[in-house]
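Under numbering that gives the first Met the number 0, the first residue of the sequence shown is numbered 0, with each subsequent residue one higher. Below is one structure, written out as structure tokens; the observations come after it.
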Amino acid sequence: MFLRTPEIVWHGKEPIFSLDFQQCGETWRLASAGADHTIKIWKVERGEGEGNFDLQFLSSLDRHTKSVNVVRFSPNGSYLASGSDDCMIIIWQLNSKGEGGAVAEGTFNPDETNKENWTVHKMLRGHIEDVYDLSWSLDSSYLISGSVDNTAIIWNVTNGEKLSILKESHHYIQGVAWDPSNSYLATLGTDRSLRLYNKLSNDKYKCVFNISKMSEDPSQVIKCCKMFHDESMSSFFRRLSFSPDGNLLVAPGGRVEVNDKAINVSWVFTRSSLPKPALYLPCSDKPSVMVKFCPILFELREQSQTAPSLIDLPYRMIFAILTLQQVIIYDTQQSIPIGYVSDIHYASLTDATWSADGSILIVSSSDGFCSILSFSPGELGTPLSSDKYPSILTNPGQLTTPTHHTPTNEARKPIRRITPIRIDTLTSQTSQTTTPTNNKKARRVELITLN
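Right, here's the structure in full:
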């Protein structure tokens, strides 16, 4: 794994709140959003030398009037959704026939012009406060948004209509997620509750699970307590995520009391374990703020007696957990992180995105910079062949509207504790990289696997 922090002005030195890779197309197109009220579109290309990348400015999208908190490309790559403190959600579309020409301020060169022309497809009005998070349905037809107004709204992107307003939350909603299998919608906020919704008839949605409190552990190791941090947690975001196959849901911002000690965790849920978490992942001394799954599935490694699989699946999935200061990379087949990077930015981390081929993970920060983590071919494992992919990933077009799902009463396994490890080889490489300046070369960072 290589680490690099490009020395460029992303958003006029203002905080960067979100970024997202387009997951299809021949160009590695990256969107970033920040406190300068704009969205920037970048082209990412591999540079000379392993781990080095070149970023080329493509366009500046300037319709928002306040800070832009979130940007998300639709799964089919046709649209880009953005949410802002101005209460607006804008659906953007690339005008392939149009030409650039508008002056783009705050980029490499004040005289730089847009090389792409992005136009407004829809403006979604419904929230009355800041919009903090967005998530698309797998077929790119629907969108869920979470806001400081304590509501989440489900949108039909085709006609711009509100399908439903979810009002159960008692405080800010800081994270939303759309289940790839179209069974659940998830929200997470400062009222310390994770809510899962299921579609009823007539575009109505019902909260089927309200997950907020941990039941008493029979061993008395885990105390009965609230599972999530309250509004005192110093982050705007709690960006939860479903896995690409829909089998897992990982929620950040968690806490648990073990042996009379409170620790920060991320909760992992499986479909069979709902509403009880299957396990938790400790996050050192800082709370986790977001989770992002790699879009690529990988072949299982050969099992060993010392490395029991973390999740019983016929393939491996990889996901990154961001705390305020760390990037922790997990593998569903092993019980410790395969990567750990810490203290690479002056301010808190805000968002992360994987490239479509899973070889790049880019992380944004409130200090106005982004860091690029890149992986050599085969470093994360052998990609799963397309004929072994779950059907929902090979045929996303089969999903039309969210479907009703009846929760099961399957037996649930007891919660497990997964203890992370700080990688010593990583520490020596990253301890001198706390500043985003004067570091032009990518730095090699080792991953680990269990033997």
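Backbone N, C-alpha and C fix where the C-beta goes; we use that ideal spot for every residue, glycine too.
Item: Per the DSSP calculation, GLY33 is bridged to which residue(s)?; Value: ILE15
Item: Short of 6 Å in beta carbon distance, which residues of its chain neighbour ILE327, apart from the five on each side in sequence? Order them along the chain.; Value: ILE320, PRO336, TYR339
Item: Looking at the structure shown, is ASP342 part of a helix, part of a strand, or coil, going by DSSP?; Value: coil
Item: For TYR196, which option in TRP266, THR381, PHE208 has the closest C-alpha, if you only look at C-alpha atoms?; Value: PHE208
Item: What residue from ASP35, ASP53, GLY82 has the CA that sits closest to SER59's CA?; Value: ASP35
Item: Taking only the alpha-carbon atoms, compute the straight-line gap between TYR78 and LEU93 and give it to the nearest angstrom.; Value: 7 Å
Item: Could you please give the first and the last residue of the uninterrupted beta strand (DSSP E) stretch that includes LEU133?; Value: 130-135
Item: Take the Cβ of ASN158 as the centre, count every other Cβ of all protein chains shown within 10 Å, and call the residue buried at 16 or more, exposed below.; Value: exposed
Item: Suppose contacts are defined by Cβ-Cβ distances below 8 Å. Is VAL349 in contact with LYS291 by that definition?; Value: According to the sequence as given, residue 349 is Thr; it is not Val. Against a cut-off of 8 Å, the Cβ pair of LYS291 and THR349 comes out as no contact.
Item: Taking just the CA atoms, how far does LYS12 sit from LEU312?; Value: 43 Å
Item: Could you tell me whether the Cβ atoms of SER384 and PHE374 are closer together than 8 Å?; Value: no
Item: Mapping DSSP to helix, strand and coil, what is GLU104?; Value: Model confidence at GLU104 stands at a pLDDT of 41, short of 50, so the residue's coordinates are unreliable; what they give is reported in the following sentence. Coil at GLU104, not helix or strand.
Item: Assign SER390 to one of three DSSP states: helix, strand, or coil.; Value: helix
Item: Identify the residues that DSSP records as bridge partners of VAL326: which are they?; Value: LEU321, VAL340
Item: Quick one, which of ALA277, PHE235, SER200 has its alpha-carbon nearest GLY252's?; Value: PHE235
Item: Quick check: what's the CA-CA separation for ASN181 versus ASP148?; Value: 25 Å
Item: Less than 7 Å between C-beta atoms, sequence neighbours within five positions excluded: which residues of the same chain meet that for SER163?; Value: ILE153, ASP202, LYS203, TYR204
Item: Go to PRO251, then tell me how far its beta strand (DSSP E) extends in each direction, as first and last residue.; Value: 247-257
Item: For TYR345, is the classification buried or exposed, using 16 other Cβ atoms within 10 angstroms of its Cβ as the cut-off for buried?; Value: exposed
Item: By DSSP, does SER59 sit in helix, in strand, or in coil?; Value: strand
Item: Where does SER385 fall in DSSP's three states?; Value: helix
Item: Determine the direct distance from the alpha carbon of SER140 to that of VAL156, and round the result to whole angstroms.; Value: 6 Å
Item: Where GLU44 and SER31 are concerned, what is the direct C-alpha to C-alpha distance, given to the nearest angstrom?; Value: 16 Å
Item: Helix, strand or coil, according to DSSP, for SER163 in the structure here?; Value: strand
Item: Could you tell me the alpha carbon to alpha carbon distance between GLN466 and GLY145, rounded to whole angstroms?; Value: Lying before the first or after the last residue shown, residue 466 is absent from the chain, which here runs from 0 to 450.
Item: Which same chain residues, not among the five before or five after ASP19, have their C-beta less than 7 Å away from its C-beta?; Value: ALA30, VAL70, ARG71, PHE72, THR352
Item: Taking buried to mean at least 16 other C-beta atoms within 10 Å of its own C-beta, is ILE343 buried or exposed?; Value: buried
Item: Rounding to the nearest angstrom, what Cα-Cα distance links SER233 and THR26 in this structure?; Value: 36 Å
Item: Under a Cβ-count criterion, where at least 16 other Cβ atoms within 10 Å of its own Cβ denotes burial, should HIS10 be classed as buried or exposed?; Value: buried
Item: Going by C-alpha distance, which of CYS369, ASP356, SER365, ILE361 is nearest GLY454?; Value: A query on residue 454 cannot be resolved here, the shown segment of the chain reaching from 0 to 450 and no further.
Item: Tell me which residue opens and which closes the beta strand (DSSP E) that ASN197 is part of.; Value: 193-198
Item: Can you grab the Cα-Cα spacing for the pair SER272 / TRP266, in whole Å?; Value: 12 Å
Item: State the Cα-Cα distance for the pair ALA250 and LYS285, rounded to the nearest angstrom.; Value: 15 Å
Item: Closest to PRO281 by C-alpha separation, out of ARG28, SER354, MET226, would be which residue?; Value: MET226
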